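Read the structure below first, then the notes.
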Amino acid sequence: MKTNTKLIAIAKNEAAYLPQWIYHHFLIGFDEIEIYINDTTDNSIAICEKIQKNYSNLTFHLADKLRLESIKENRSFQISAYNNSLHHSSDSTHLMALDLDEYLICKNMNESLQSLLERQSSPDCLSFLWYSDDYSSKKSFSHPLQSENTIYRMDHVKTISKLTSKVHSCSHHNFIYKKEERVINLLGGTIIRLDDNINTQSRRSKLMKHQLNALSAESTEPWFVLHCIYKSEEEYLASLCRGRGHNNDQRPLKVNRWGMSPYPFYPQEPIHWHPSKTRIDQYKIGFKNFIQENSLTEEMHIAKSLLKESTIFLADLLKDQPHLRNDHKKIFAGTKYA
């Protein structure tokens, strides 16, 4: 049976990243993309409208009503959005949720998502380990994929699931099933079965250290999720201003970060990932063409300018509320505010 894969995301003031993220995930083989835009003051809507003219398989929602309802009912807006999509995906065979700083990657850039799902058709779901980008600051708005990449293995996964009667609901990193003990969940591209009784925690959302340590220290799995947490210092600081309102945390800053410094919960040596330069060059040319065909050059200029303004907002916030630097020291590690 032919697969029909849907990717969902929430987005708050992430217009500068929408085109690349949408381009990338259509390129690797997702059939549909659905985005819940919320609490946003940038030009995300204008960008999605332009792309949608050429890509009818892109859907976006102005989701502030759902966000406010979720806050009122003390529910995670993020999970509410995911479950809303789940309940309206009867035409899809598979569903996955990613953030706008996460990219599903085929290590060799030579296999489509459909091919992977056909090759691993038996499991209920496939999970992909997070690998962070390098915390050494890069040039602002660099391409997330280069022919030479320094990345770091992390311990959480993101998951694509078959949409069957087994699925009950979505969680942040995986899916919740009606009978968990009957779920077959593989680490994507491998034959490693993920099971909370053996090698994972929290409904297979986080790998235990013994399983992580059994993986290659020099290479990723055939498929993984590149988690672009850091990017440049400017972009990292701007990202802190988005907060975590989507999970009912009303503090002004995104406090579940640890600065421009190594991931503290599973410290690792770097992995050097070198995809084919030819494929990377083709990827970059394709993205340039995507920007042109969707008339996004000016919108991208606006989006990047607005993101830069977030760093000015942060500077003013820290000036007005200097205690924030002390209250949240860890998120400023390795930055000019350390």
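For the sequence shown, position 279 matches number 449 in my numbering, and the numbering has no gaps at all.
Quick reminder that beta carbons are idealized off the backbone N, C-alpha and C, glycines included.
What you are looking at is a predicted structure, and each value in this text was computed from that prediction instead of being measured.
1) Answer with buried or exposed for I361, where buried requires no fewer than 16 other C-beta atoms within 10 angstroms of its C-beta.
2) Take H342 as the anchor and find which of E204, R373, Q316, E479 has the nearest alpha-carbon.
3) Which of helix, strand or coil does DSSP assign to L488?
4) Below 8 Å between beta carbons: does that hold for S297 and G358?
5) Please give the ranges of any alpha helix (DSSP H) in the stretch 231–273, keeping only runs that are unbroken, at least 4 residues long and fully inside the region.
6) Inspect the beta-carbon positions of L315 and A179 and report whether they are closer than 8 Å.
7) Start and end of the beta strand (DSSP E) containing A179?
8) Please list, in chain order, all residues of the same chain as V395 whose beta carbon is under 8 Å from its beta carbon, the five residues on each side excluded.
9) Considering only the alpha carbon of each residue, which of S312, F311, Y252 lies closest to F345?
10) Taking DSSP as the reference, what is the three-state secondary structure of K220?
11) Residues in its own chain within less than 6 Å of L477 by CB, not counting five upstream and five downstream?
12) So the beta strand (DSSP E) F394 belongs to, where does it begin and stop?
13) Can you give the Cα-Cα distance for N254 and R245, rounded to whole angstroms?
14) From the DSSP output, in three-state form, read off L296 for me.
15) In angstroms with no decimal places, state the Cα-to-Cα distance between S262 and T334.
16) With 16 as the cutoff for other CB atoms within 10 Å, does P434 come out buried or exposed?
17) Mind checking whether I198 and D303 have CB atoms under 8 Å apart?
18) With M324 and Y436 assumed to form a contact (beta carbons below 8 Å), what rounded beta-carbon distance in angstroms separates them?
19) Please state whether DSSP places I501 in a helix, a strand or coil.
20) Which residue marks the beginning of the beta strand (DSSP E) containing W443, and which one marks its end?
21) Quick check on DSSP: helix, strand or coil for K458?
22) Using C-beta distances below 7 Å, list every residue in its chain close to D209, excluding the 5 sequence neighbours before and after it, in chain order.
23) Return the first residue and the last residue of the beta strand (DSSP E) that Y347 is part of.
24) Could you check what DSSP says for S226 in three-state terms: helix, strand or coil?
25) When you compare the CB positions of K220 and S480, do they come within less than 8 Å of one another, or not?
26) What are the start and end residues of each continuous alpha helix (DSSP H) run of 4 or more residues lying completely inside the stretch 314–387, in chain order?
Working from what's here:
1) The residue in question, I361, is exposed, as its Cβ has fewer than 16 Cβ neighbours within 10 Å.
2) The shortest Cα separation from H342 among E204, R373, Q316, E479 belongs to R373.
3) Reduced to three states, the DSSP call for L488 is helix.
4) At the C-beta level, S297 and G358 come within 8 Å of one another.
5) Qualifying alpha helix (DSSP H) stretches, in chain order: 234–242, 247–257.
6) Their beta carbons are not under 8 Å apart, which means L315 does not touch A179 by this criterion.
7) Looking at the DSSP string, the run of the beta strand (DSSP E) that includes A179 is 175–181.
8) These residues qualify, in order along the chain: L268, E272, Y273, L274, I275, F298, L299, W300, Y301, V327, K328.
9) Comparing Cα-Cα distances from F345 to each of S312, F311, Y252, the minimum goes to Y252.
10) Three-state DSSP puts K220 in a helix.
11) If we look at L477 and ignore the five residues flanking it on each side, its Cβ neighbours are A186, A408.
12) 393–397 is the extent of the beta strand (DSSP E) around F394.
13) One C-alpha to the other measures close to 13 Å.
14) Collapsing the DSSP output to three states places L296 in a strand.
15) Distance between the alpha carbons of S262 and T334: 10 Å.
16) Under this definition P434 is an exposed residue.
17) No; because the gap between Cβ atoms is not below 8 Å, this pair is not in contact.
18) About 6 Å separates the two Cβ atoms, so the contact holds.
19) In the three-state scheme derived from DSSP, where H, G and I count as helix and E and B as strand, I501 is classed as helix.
20) Counting along the chain, the unbroken beta strand (DSSP E) around W443 starts and ends at 441–443.
21) Of the three classes helix, strand and coil, the one that applies to K458 here is helix, per DSSP.
22) The beta carbon of D209 is closer than 7 Å to those of K182, D234, R237, G415 in its chain, skipping five residues each way along the sequence.
23) Where Y347 is concerned, the enclosing beta strand (DSSP E) stretches over 345–347.
24) Of the three classes helix, strand and coil, the one that applies to S226 here is coil, per DSSP.
25) Taking the C-beta atoms as reference points, S480 is found no nearer than 8 Å to K220.
26) Scanning the stretch 314–387 for uninterrupted alpha helix (DSSP H) segments of 4 residues or longer gives 379–383, listed from N- to C-terminal end.
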